[in-house]
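In UniProt numbering, the protein residues as written are 1 to 140.
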């Protein structure tokens with residue numbers, strides 16, 4: 001399916017869902033630009049903004065859905081780093097103390113990095129590979 005067709009489908013969704021998917025796409029665009037053009041410390045700080053006003057309900061499932069959807073449908077490659085930066089920014093904007101974990105491990109004998117996001121003890125984004133990586137740093 002072409003990117004234009006995907007946009008037409010997204011435009012037909014009801015307001016809240018469409019807004020959340022668009023926010024995720026914009027955050028992934030921002031994160032992709034940061035990863036590509038900014039130093040690591042700038043990229044990390046960009047998503048660890050101060051906490052916004054806490055919502056009455058837990059938005060982690062909605063944010064995860066939106067990040068997953070946007071990651072699959074944007075016309076460029078999205079990896080765990082961009083997903084983590086976007087998810088952390090979206091959750092912190094909603095008053096959730098999301099932590100971005102940066103880890104390293106071995107994948108087929110080579111050193112590999114991975115990023116995942118937690119809220120409390122629960123992994124929100126990047127749980128599939130988190131167990132195979134040792135956490136080297138947590139932001140903020």
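Heads up, the beta-carbon is just placed ideally off N, CA and C, and yes, glycines get one too.
query: If you reduce the DSSP assignment to three classes, tell me which class residue 106 lands in.; result: strand
query: Out of curiosity, what's the CA-to-CA distance linking residue 127 and residue 116?; result: 7 Å
query: Please name the residue in 94, 39, 85 whose C-alpha comes closest to that of residue 138.; result: 85
query: Would you mind reading off the limits of the beta strand (DSSP E) that contains residue 136?; result: 134-139
query: Span of the alpha helix (DSSP H) holding residue 45?; result: 40-47
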